[in-house]
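*Asks:* Numbers given in the numbering used here equal positions in the sequence shown, counted from 1, plus 457.
Even for Gly, the Cβ is constructed at its ideal location relative to N, Cα and C.
As the structure is a prediction and not an experimental result, all values here were calculated from the model.
Here it is: the structure, laid out below.
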Amino acid sequence: MRLPLAMLEVFNAIAQNGSLKGAAQALGIKPSTVSHQLKSLEEQLGTALFVRTTRSVTLTDAGRALQSGAGAAFDLLGQAVNDAKEHGSSARGSLKLTLPEFVFHSFLADLLPSFQAAYPEIQLELSLTDAIVDIVADGLHGGLRLGGKIAQDMIAIRISDPQPLTVLGSKAYLAEHGVPEKPEDLLAHNCLHYRFQTSGRLAPWVFEVDGNTVEIDIKGGLILNTLPSQLQLMEQGMGLVLTFREYALMQCDLTKVQCLLEDYLKPTEPIYLFYPREYKNLQALRLFIDHIKAHRQLV
458 MRLPLAMLEV FNAIAQNGSL KGAAQALGIK PSTVSHQLKS LEEQLGTALF
508 VRTTRSVTLT DAGRALQSGA GAAFDLLGQA VNDAKEHGSS ARGSLKLTLP
558 EFVFHSFLAD LLPSFQAAYP EIQLELSLTD AIVDIVADGL HGGLRLGGKI
608 AQDMIAIRIS DPQPLTVLGS KAYLAEHGVP EKPEDLLAHN CLHYRFQTSG
658 RLAPWVFEVD GNTVEIDIKG GLILNTLPSQ LQLMEQGMGL VLTFREYALM
708 QCDLTKVQCL LEDYLKPTEP IYLFYPREYK NLQALRLFID HIKAHRQLV
């Protein structure tokens, strides 16, 4: 049997207000609707719930039995509705986001202390991964990604400038193997491949040469699927990497590495914060976005 929730709501309002007219006013509906819903409920249950006279409406034994359970249930439902409303509109609760590790280090980490200080009742949970995840299926509220990797059904807000790239090598490696002056020189070097965690494809090494896009078929004996591991091995002299410039220079010892071939590299797309449109009014998310915009001076 399906619960007649609309009828039970009317019943509960009558019991609380002591009259059909009072219930109608409390619910914002017509008295005739209240009378009809009560009649339908009594017919469905096969018993009278109220004794109605010209001066009063009193619960029957069956009505008192129903009220003892239904009243408490509607109180809980009302509290649940208020809790849901407060969670969506107040500066508290949880905010769960996914983002690549390079975005965390080069763009977000320095903003977190001021955000936590401003909104201590918001619990921010960050899932750091290079993989493209289904944020809805994983119970997340949103994420931060480069623009070209965001599903079209998401709301996306630009929160950074395009990200510059660089080829990076350790000075020890370059002293032994020479410094590449142009992209095709990379064919004589050991280059560290990066494999995308989601698609499984190897990241291409693409350059702009005399107005043309050129992909270099790099050679190398190592394939990795995280940026920190690439940078660590590069610093150990294992080979060259193509990576995000700002992130790499934050992670590496600048006295031991050298940036290369930057004149031949176009920046990537900007970083976007994205989320399902159902979360557009989630206050914790709005405050997080506004905090980023204020500190990055973006519009």
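Can you round the beta-carbon distance between Ile589 and Phe731 to whole angstroms, since I take them to be within the 8 Å contact cut?
*Replies:* Contact doesn't hold; Cβ gap of about 11 Å is too wide.
*Asks:* Here's the rule: buried if 16 or more other CB atoms are within 10 angstroms of the residue's CB, otherwise exposed. What is Gln473?
*Replies:* exposed
*Asks:* Rounded to whole angstroms, what is the Cα-Cα separation between Leu583 and Asp567?
*Replies:* 14 Å
*Asks:* Return the CA-CA distance between Ile680 and Gln573, expressed in angstroms with no decimal places.
*Replies:* 38 Å
*Asks:* Where does Gln473 sit, in a helix, a strand or coil, going by DSSP?
*Replies:* helix
*Asks:* How would you label Ile471, buried or exposed, when you count the other beta carbons within 10 angstroms and need 16 or more for buried?
*Replies:* buried
*Asks:* What is the residue span of the alpha helix (DSSP H) that Gln573 lies within?
*Replies:* Looking at the DSSP string, the run of the alpha helix (DSSP H) that includes Gln573 is Leu569 to Ala575.
*Asks:* Which parts of the region 665-698 are runs of the alpha helix (DSSP H), unbroken and 4 residues or longer, counting only runs that do not cross its ends?
*Replies:* 684-692
*Asks:* Have a look at the DSSP bridge pairing and note the partners of Ser513.
*Replies:* Ser513 pairs with nothing; no bridge assigned.
*Asks:* Measuring alpha carbon to alpha carbon, tell me which of Lys639, Asp587 and Val714 ends up nearest Tyr651.
*Replies:* Asp587
*Asks:* What residues match up with Gln715 in a beta bridge as DSSP calls it?
*Replies:* Gly626
*Asks:* Return yes when the Cβ of Leu688 is within less than 8 Å of the Cβ of Cys709, no when it is not.
*Replies:* Yes, the pair counts as a contact, with Cβ atoms nearer than the cut-off.
*Asks:* Using only the alpha-carbon positions, how far apart do His752 and Leu718 sit?
*Replies:* 31 Å
*Asks:* Taking Ala741 as the reference, which of Gly550, Thr510 and Pro619 has the closest Cα?
*Replies:* Gly550
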